[in-house]
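Worksheet for the structure shown next.
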Amino acid sequence: MALPEAKQSPTEARLASLSLPTAGCTRDAREAALARVREMGLPGRRDEYWKYTRPDTLIQPEAPKAAVFTADEPLMFDQIDRLKIVFVDGVFSPEASDDLSLEGVQIERLEDICCKDFHWAKELYGVLEARGQNPVPRPLAALNTAFAADGVAIHVTGKPSKPICLIYKHESETSDAILHHVIRVESGAEVTILENGPAASRFNKCMEIDVADGGTLHHVRAQGRDHERRAATHMFTRLGEKSVYKSFTLTVNGVLTRNEQVVELTGDEGVAHVSGACVGDGDFLHDDTVFITHDAVNCESRQVFKKVLRNGATGVFQGKILVKEGAQKTDGYQISQSLLLDDDSQFLAKPELEIYADDVACSHGSTSGAIDETALFYLRSRGVPEKDATNMLTLAFLAEAVDEIEDPALVEDIVARLQGWLARRS
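Last residue of the sequence shown: 842 (this note's numbering), numbering continuous.
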């Protein structure tokens, strides 16, 4: 009688469902990442940074089905002149994309650079992700580095005249997309990167960003509005002297979204702002996990996250500021707040400070509450209907996060989408 087969661990089962690309300049990084995954294992509920979020559907071999959202509405950022790079279920679509030529920047597909033995991206691919594994393991990011089949490499040497927009379309109910992008911003260069779209039934995305001395990167992302999608995203950013990084994320709908940001301030007088606005309804869990390391003098960081939740939705925020020894005159600010529109929703927060320098100004705070009844009464007493008044106060609550976006046109687009969501849900 044949012996029963040994049961595979979740990590082994997931790895068995994937194929490792081996060609070109990313081969060594992929093999090293695979070794990290095997050593760490994929996340489970016992892991400290996953105790609020169930990772089961993010690590199982097959992606759970997700119905394609078919609402007839214009794409985000559609009124803005931008260079469009389109991925359909995680695969680059040259037909839907613009020509990738733009002054001040070089854009190449990950598939193309993988066929080259030497490329600037070799010095970046998997490097910042590997650095970001300490002190907190991030195995889904290592899994991405090992198995990502598509993505782009963006080398910014000047100041492009328009933003670069990564558009993620979802067309298959069973799509399982793994994308990896690398971005290098040279000294004195400046670029705006936009992202929007649901991407796939299950989406694992990693972005590694290296901003050289005096460089600037603005990032604005809109996730949604598929109701059933699941996503785990990671952004690893390294900042040089007097460099600037500002990232904002809007998330609407979805069963499960986990966004991780890992930022290293390695040059004096660097600036890093990470913010997000989230609106969730019903079977919805949204997790922002942020880790910012100050390792230089006179640097500034801001974390501003606002979540609006109702009908049993769950919001999670885990944010940490680490100030290393010698990182004097650090200015670190962190705020996470939720607006609960009913008694069934919940907000789980874990703010942290770890400081090894004595000349710093760091603060963090977290609050959770309902609509301000005094403000609501004030508006209603002046003839504003209750639903409209609630929507006005909700937008005002989200404003601090949205105001982190510097481009007024992008702010206008984000606010319009929030107004549309509130109107549909009223």
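Don't be surprised by glycine CBs; every beta carbon is placed ideally from N, CA and C.
Any idea what DSSP makes of residue i, helix, strand or coil?
i      : result
GLN476 : coil
GLU770 : strand
LYS585 : strand
VAL776 : strand
LYS803 : helix
VAL484 : coil
PHE700 : coil
ARG718 : strand
SER797 : helix
PRO437 : coil
ILE787 : coil
GLY781 : strand
GLN750 : strand
ASP592 : strand
PRO420 : Per-residue confidence for PRO420 stands at a pLDDT of 49, beneath the threshold of 50, marking its modelled position as unreliable; the derived number appears in the next sentence. Coil at PRO420, not helix or strand.
ARG454 : helix
ALA432 : helix
ALA820 : For the record, residue 820 in the displayed sequence is Glu; it is not Ala. Looking at GLU820 - three-state DSSP - the assignment turns out to be coil, as it is neither helix nor strand.
LEU792 : helix
VAL687 : strand
THR442 : helix
Below 8 Å on the Cβ atoms is my guess for residue i versus residue j; work out the distance and round it to an integer in Å.
i      : j      : result
GLY607 : VAL521 : It should be noted that the sequence gives Val, not Gly, for residue 607. Sure, about 7 Å apart at Cβ, within 8 Å.
THR682 : GLY656 : 7 Å
GLN744 : ASP788 : In fact, because the Cβ distance is near 39 Å, the residues do not count as touching under 8 Å.
VAL739 : ALA688 : About 13 Å; that fails the 8 Å criterion.
GLY506 : LEU595 : 6 Å
CYS581 : PHE493 : 6 Å
ARG446 : PRO459 : With a Cβ gap of about 20 Å, ARG446 and PRO459 do not count as contacting.
ALA479 : THR590 : 6 Å
THR653 : VAL695 : The Cβ separation is near 25 Å, so there is no contact.
GLY567 : HIS597 : 5 Å
For a quick check, are the C-beta atoms of residue i and residue j less than 7 Å apart?
i      : j      : result
THR632 : GLU676 : no
LEU795 : HIS780 : no
ALA817 : LYS723 : no
GLY613 : LYS585 : yes
THR561 : GLU545 : yes
SER513 : ILE501 : yes
GLY574 : ALA537 : no
PHE503 : ASP642 : no
ILE496 : ALA812 : no
HIS702 : LYS662 : no
THR427 : ARG646 : no
ALA791 : LEU814 : no
ALA593 : ALA616 : yes
Mind checking whether the beta-carbon of residue i lies closer than 6 Å to any heavy atom of the ligand GDP?
i      : result
PHE619 : As for the ligand GDP, it is missing from this structure, which has no ligand bound.
List the residues that DSSP assigns as beta-bridge partners of residue i.
i      : result
THR665 : ARG637 and GLY692
ASN675 : THR649 and ASP704
ALA812 : None, per the DSSP bridge assignment.
LEU834 : Per DSSP, none; premise fails for LEU834.
ALA765 : PHE733
ARG726 : ASP697
_3-residue-minimum beta strand (DSSP E) runs that sit fully inside the stretch 603-662, ordered along the chain_ = 606-612, 618-627, 632-639 and 646-655
_Any alpha helix (DSSP H) of 4 or more consecutive residues that is wholly inside the stretch 494-581_ = 526-529, 543-547 and 555-563
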